[in-house]
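Okay, so the sequence shown: first residue is 686 according to our numbering, each after it adds one. Remarks on the structure that follows.
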Amino acid sequence: MHSVEELKRTLSRIDGRGYKAYKALVGSYDMGRFSLHVDHVQGDPFAAPSKVRVRVPMKHAGLPPFLFSNGVRQMAIEDYLARKVQRAIYRVSQRGRGSGKSGLIDIDAGDQEVLERTACKVTSDWVEARIYAGLPAAGRRILGREAEKILCDQIPKIAEQGLVRESLSHEQAKAFTDCVENQEFIRGQLDERGLIAFVADGAVLPRESGNSQRPLGQKEAVPFESPDTLRVSFDLPNPVPGRSSSDQRITGMGISQGVTLIVGGGYHGKSTLLQALERGVYPHIPGDGREYVVTCRDAVKIRAEDGRRIEQVDISPFITNLPRGLDTRGFCTDNASGSTSQAANIVEALEMGAQALLLDEDTSATNFMVRDVRMQALVHKTFEPITPFIERVHEIHDRFGVSTVLVMGGCGDYFEVADTVIMMRE
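Dropping the structure here:
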């Protein structure tokens, strides 16, 4: 392993040379309490940034073993540390002069969901963060002094603020991992409780805008409250944040297996609830508002996708007898209609092992979802190739054990096939 002085000498030697001379940096460097590993150097200042790893021995990281004692907690602590490193980057990083991605420092820390990612790795021996760094250049000439600021000044500060024991709050880290473990515990209990989803009392479902997953502000948001008839409770392995350490019970609405309708007036939160359920397949960070909205892992959002390609999909359960004798048992098209695309999406989801289908009336093909009595009288069944979803929805559950949650605002026909109806109000 090279020393930090060797790194500085190399940067001084290649200063002002062509950008490809940065390749000389590839290797490992002893930075004191951590090691720096330059794994890949970008070939051009405008290309994807270089890949750098910062590895801190556990004696300096100081993570208690209970924070990564099982797979779920390890996923959670790695996600937590990636976010912590990202905050340190925001505090420390300063884009200096240079072309392209010069001076960029970043890490893939994600958004509101907690996922298993490669941005951070925790073992019993060390903690490691995988960082993107844009090595600086003027045009395509190396700026050695600017690169030294990044590699020998900014990244060490990021490591100190994000990964070493002095910067770690055990209380915050424990609250984060406990919350994620609680969510996965609920998910593991859903099937044996006959549920496909759980929405906790007090959950904040709406988001701040249509293109953001951040929660709506507390002043505007209305906390979710379960109807008494659907309220269930779970005894969690860890305390619920904001309550006493002995309070490990959480209550909320359980959505049962079968066919469930979500109804209500406009702007009363029908689609908002469905969007929370579709995101509920992933655990969420504490404070998100949806952290205790938990959906079975194999739930899939279904919608019409006009214009999508379909290749060898058997949509005959929904569509047959197409004009010109087109075979729907191995249907192919480069430009699917709303109904054929939605049929293909359902069949593909079932093939992949989906356990719940989530549909919204607003994003579905009307002629695929239902045919009213007058239309049936006008267009005889022999001339109608589409078998509407309403005629298959219970069969899908009875034959394959796949539940369905539908948002409906304008069609009452589905009441005839629904096992549960949830009406949203305010």
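C-beta atoms are modelled at their ideal positions from N, C-alpha and C, and glycine is treated no differently.
On a Cα-Cα basis, can you pick out the residue from Pro742, Ser911, Ala860 and Glu833 that is closest to Leu848?
The residue labelled residue 848 in the question sits at position 163 within the sequence shown. Minimum Cα distance to Leu848 is reached at Pro742.
Can you tell me the Cα-Cα spacing of Tyr765 and Ser956, whole angstroms?
On the sequence shown, residue 765 is found 80 positions in, with the first residue counted as 1. On the sequence shown, residue 956 is found 271 positions in, with the first residue counted as 1. Roughly 30 Å between the two C-alpha positions.
Quick one: what's got a C-beta closer than 7 Å to Val966's C-beta in the same chain, skipping five residues either side?
The residue given as residue 966 occupies position 281 in the sequence shown. Only Thr980, Arg982 and Ala984 meet the Cβ criterion.
Where do the ends of the beta strand (DSSP E) carrying Pro908 lie?
Here the question's residue 908 lines up with position 223 in the sequence shown. No beta strand (DSSP E) contains Pro908, which DSSP labels as neither H nor E.
Quick one: which unbroken beta strand (DSSP E) runs of 3-plus residues sit fully inside the stretch 868 to 907? Chain order, please.
880 to 885
Distance between Ala882 and Thr1089 (C-alpha atoms, nearest Å):
Translated into the one-based positions of the sequence shown, residue 1089 becomes position 404. Translated into the one-based positions of the sequence shown, residue 882 becomes position 197. One C-alpha to the other measures close to 11 Å.
Flag this pair as yes or no: are the beta carbons of Asp886 and Thr945 separated by less than 7 Å?
Locating residue 886 in the sequence shown gives position 201, counting from the first residue. Locating residue 945 in the sequence shown gives position 260, counting from the first residue. No; because the gap between Cβ atoms is not below 7 Å, this pair is not in contact.
In the DSSP assignment, the alpha helix (DSSP H) including Ile947 goes from what residue to what residue?
The sequence position of residue 947 within the sequence shown is 262, counting from 1. Note, Ile947: premise wrong, no alpha helix (DSSP H); beta strand (DSSP E) at Val944 to Gly949.
From the DSSP output, in three-state form, read off Arg1014 for me.
On the sequence shown, position 329 is the one that residue 1014 refers to. In this structure, Arg1014 counts as coil in the three-state DSSP scheme.
I need the boundaries of the alpha helix (DSSP H) containing Phe1085, first residue and last residue.
The sequence position of residue 1085 within the sequence shown is 400, counting from 1. Taken as a continuous stretch (DSSP letters only), the alpha helix (DSSP H) holding Phe1085 covers Val1078 to Phe1085.
Within 8 Å, do at least three Cβ pairs link the stretch 820 to 840 to the stretch 914 to 929?
no
Cα-Cα, which of Gly1086, Ile995, Thr1048 and Phe1003 is closest to Ala1039?
Here the question's residue 1039 lines up with position 354 in the sequence shown. Of the candidates Gly1086, Ile995, Thr1048 and Phe1003, the one whose C-alpha sits nearest the C-alpha of Ala1039 is Gly1086.
Does the separation of the CB atoms of Val737 and Val726 fall below 7 Å?
Residue 737 sits at position 52 when you count from the first residue of the sequence shown. Residue 726 sits at position 41 when you count from the first residue of the sequence shown. Result no, Cβ atoms of Val737 and Val726 do not sit closer than 7 Å.
Host beta strand (DSSP E) of Glu1111 (start-end):
What you label residue 1111 is simply residue 426 of the sequence shown in a count that begins at 1. Neither: Glu1111 is in no beta strand (DSSP E) and is coded neither H nor E.
Leu890 beta carbon less than 7 Å from that of Phe909
Reading the sequence shown from its first residue, position 224 is the one you call residue 909. Reading the sequence shown from its first residue, position 205 is the one you call residue 890. Contact: yes.
For the beta strand (DSSP E) that Phe753 lies in, which residues bound it at each end?
The residue given as residue 753 occupies position 68 in the sequence shown. Here Phe753 belongs to no beta strand (DSSP E), and DSSP marks it neither H nor E.
Alpha-carbon spacing of Val917 relative to Gly939, whole angstroms:
Locating residue 917 in the sequence shown gives position 232, counting from the first residue. Locating residue 939 in the sequence shown gives position 254, counting from the first residue. In a straight line, the C-alpha of Val917 is about 6 Å away from that of Gly939.
Report all residues from its chain with a CB closer than 6 Å to the CB of Gly954; omit the five preceding and five following residues, and keep chain order.
Numbered from its first residue, the sequence shown carries residue 954 at position 269. These residues qualify, in order along the chain: Met1109.
What ranges does the beta strand (DSSP E) occupy inside the stretch 946 to 986, keeping only unbroken runs of at least 3 residues that lie completely in it?
978 to 980
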